[in-house]
Structures are given as structure tokens and as C-alpha cells.
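Asker:
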């Protein structure tokens, strides 16, 4: 976990969201393995795979790399100290915060898509915006 966290630090410092995404994945996987709970680890792997495209976008948001890194540091500190309750609390908080950010990201994408659709109907579509399905049939 220490090695993967250090790699996350380097990527965050450089503002490299793609590298951070890969290192972040490795950090999370190290925690899953350390938990020795194969059921939860399998669920986490499946969920990560399903959400990966959105997570990449989410990590490009302003300050998201540093926020994620700070949360990871707190989790790692609690794990190193052997404080299971604190580690569980910090993991829980991390999941909630990231879940909220994920929801905001998805809602933002949906809003962008609705705006593009409305613009195409009024002749003011954003350049490069994808048309809605009904617009493509015309």
C-alpha cells in the first residue's frame, strides 16, 4: 500500500490524472487484498470495472486528485496504526465523498447532453456535442 500511495502522490503532484487513475486502482486493490474478504473484493472489482469510464472523467475535476490523495493518506495512517475503527470510518467517508463526486459527475454529463440536445433543436448546438438518438435518425 505504501508503494502505491507514493505513486499516487507523484501522479497527483504532476497533475497526471491518467497515471493517478492507474496508481489509485493499484492502491485500492492493495486494500481489497489486505482486507482478506474475497466477497467484498470481488464486488469492488466488478463495480470499479463498471464505473471506470466515469471515474476517469471524475479525476479530471479541479482538486480531485489532491482530495483523493488526502483521503488515502488518512486511511493508510489508520491502517498502519492498527486502528480498525478509524480505518473503517475513513474508508466509509472516502466511499461517501467519492460517491457524491461520482453522482455530481454523472449529473453534469447528463446536463451537458440535455443542453446539447436543446441547442441542436434550436440551431445552437455546442460544437462537438453528440446529438441525441432521435436527432441522429433525421
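Numbering (my numbering), first residue to last: 1 to 138.
C-beta: ideal position from N, C-alpha, C; glycine also.
A quick note: this is a predicted structure, and the numbers were derived from the prediction, not measured.
1) With distances taken from CA atoms, which of 7, 1, 13, 104 is nearest residue 34?
2) Output needed for residue 102: all residues of its chain with C-beta closer than 8 Å, excluding positions within five of it in sequence on either side, in chain order.
3) With distances taken between CB atoms, is the gap from residue 32 to residue 44 smaller than 8 Å?
4) From residue 5 to residue 108, what distance separates their C-alpha atoms?
5) Grouping DSSP H, G and I as helix and E and B as strand, with all else coil, what is residue 24?
6) With a threshold of 8 Å on Cβ separation, who are the neighbours of residue 25 within its own chain once the five nearest residues in sequence on each side are excluded?
7) Judging by CA-CA distance, which residue of 73, 87, 8 is the nearest neighbour of residue 79?
8) Can residue 20 and residue 30 be called in contact, C-beta distance under 8 Å?
Answerer: On the basis of the coordinates in this document:
1) Ranking 7, 1, 13, 104 by CA distance to the CA of residue 34 puts 1 first.
2) Result list for residue 102: 51, 54, 55, 58, in chain order.
3) Closer than 8 Å, so yes.
4) Roughly 29 Å separates the two Cα atoms.
5) In the three-state reduction of the DSSP assignment, residue 24 falls in the helix class, which pools H, G and I.
6) Beyond the five residues adjoining it in sequence on each side, residue 25 comes within less than 8 Å, by CB distance, of 48 in the same chain, given in chain order.
7) For the residues 73, 87, 8, the minimum Cα distance to residue 79 belongs to 87.
8) Contact check for residue 20 against residue 30 fails: the beta carbons are separated by 8 Å or more.
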